[in-house]
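Residue numbers (the working numbering): 1268 to 1413. Okay, structure first, notes after.
As structure tokens, then:
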């Protein structure tokens, strides 16, 4: 897996905003991100999620993550802080937590997933993707959009 470049077009696709609307404590359902994952498979064009997962599962770090079957709160909790590497790319599972008004901006290529909420209150976060206009044609071609 190469970690240089940013895709066939050489353009980064944009950013994703994760905004906390209420306090999100650890194990309170905060989004889990794999820090560093945006540096993987950068020599590829846009890639479908199922194809990306198939490629990732060739790597020990991701085989272990997916083998955890992270459906329950306890399973997800074991993933927090897990570190590894693919080639020269350092990776870590991080939970997005904080106070109302806190915001995280991530590269759109950062892998992320939801996490079960072990808290008594519902998790209150909002997200929005900001796609660069100059990469939408490339994206549309890959996914067959008109």
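Here a beta-carbon is modelled for each residue, glycine too, at the ideal position from N, C-alpha and C.
Exercise. Taking just the CA atoms, how far does residue 1366 sit from residue 1395?
Worked result: Here residue 1395 is taken as the residue at index 128 of the chain shown, counted from 1. Here residue 1366 is taken as the residue at index 99 of the chain shown, counted from 1. Their backbone Cα atoms lie some 18 angstroms apart in a straight line.
Problem set entry | Residue nearest to residue 1326 in terms of C-alpha spacing, selected from 1355, 1377, 1363 | One-based indexing of the chain shown puts residue 1326 at position 59. When the alpha-carbon of residue 1326 is set against those of 1355, 1377, 1363, the nearest one is in 1355.
For this session: For residue 1296, I'd like the list of residues in its chain whose CB is within less than 6 angstroms of its CB, leaving aside the five on either flank, ordered along the chain.
Result: By 1-based counting over the chain shown, the position of residue 1296 is 29. 1382, 1384, 1390.
Exercise. Do you know how far the Cα of residue 1304 is from the Cα of residue 1388?
Worked result: For the purposes of this step, residue 1388 is taken as residue 121 along the chain shown, with counting starting at 1. For the purposes of this step, residue 1304 is taken as residue 37 along the chain shown, with counting starting at 1. Each residue's alpha carbon lies about 30 angstroms from the other.
Exercise. With C-beta atoms as the reference, is residue 1282 less than 7 angstroms away from residue 1372?
Worked result: As a position in the chain shown, residue 1282 is number 15, starting the count at 1. As a position in the chain shown, residue 1372 is number 105, starting the count at 1. Going by C-beta atoms, residue 1282 is nearer than 7 angstroms to residue 1372.
Problem set entry | Anticipated Cβ contact below 8 angstroms, residue 1350 with residue 1359, distance rounded | For the purposes of this step, residue 1350 is identified with residue 83 of the chain shown, where counting begins at 1. For the purposes of this step, residue 1359 is identified with residue 92 of the chain shown, where counting begins at 1. The pair is a contact, with the Cβ atoms about 5 angstroms apart (cut-off 8 angstroms).
Problem set entry | Outcome for residue 1306 when other beta-carbon atoms lying within 10 angstroms are tallied against a minimum of 16 | The residue you call residue 1306 lines up with position 39 of the chain shown. Under this definition residue 1306 is a buried residue.
Exercise. Are residue 1369 and residue 1288 touching if we call contact CB-CB under 7 angstroms?
Worked result: By 1-based counting over the chain shown, the position of residue 1369 is 102. By 1-based counting over the chain shown, the position of residue 1288 is 21. Not a contact, by the Cβ cut-off of 7 angstroms.
For this session: Mark residue 1271 as exposed unless 16 or more other C-beta atoms lie within 10 angstroms of its C-beta, in which case mark it buried.
Result: Here the question's residue 1271 lines up with position 4 in the chain shown. In this prediction, residue 1271 has a pLDDT of 38, which is less than 50 and means its spatial position is unreliable; nothing more can be read from the coordinates.
Exercise. Are the beta-carbon atoms of residue 1293 and residue 1364 separated by less than 7 angstroms?
Worked result: As a working note, residue 1293 is residue 26 in the chain shown. As a working note, residue 1364 is residue 97 in the chain shown. Against a cut-off of 7 angstroms, the Cβ pair of residue 1364 and residue 1293 comes out as a contact.
For this session: Output the distance between the C-alpha atoms of residue 1332 and residue 1352, rounded to the nearest integer angstrom.
Result: As a first step, residue 1332 must be located in the chain shown, where it is residue number 65. As a first step, residue 1352 must be located in the chain shown, where it is residue number 85. Those two C-alpha atoms are separated by around 12 angstroms.
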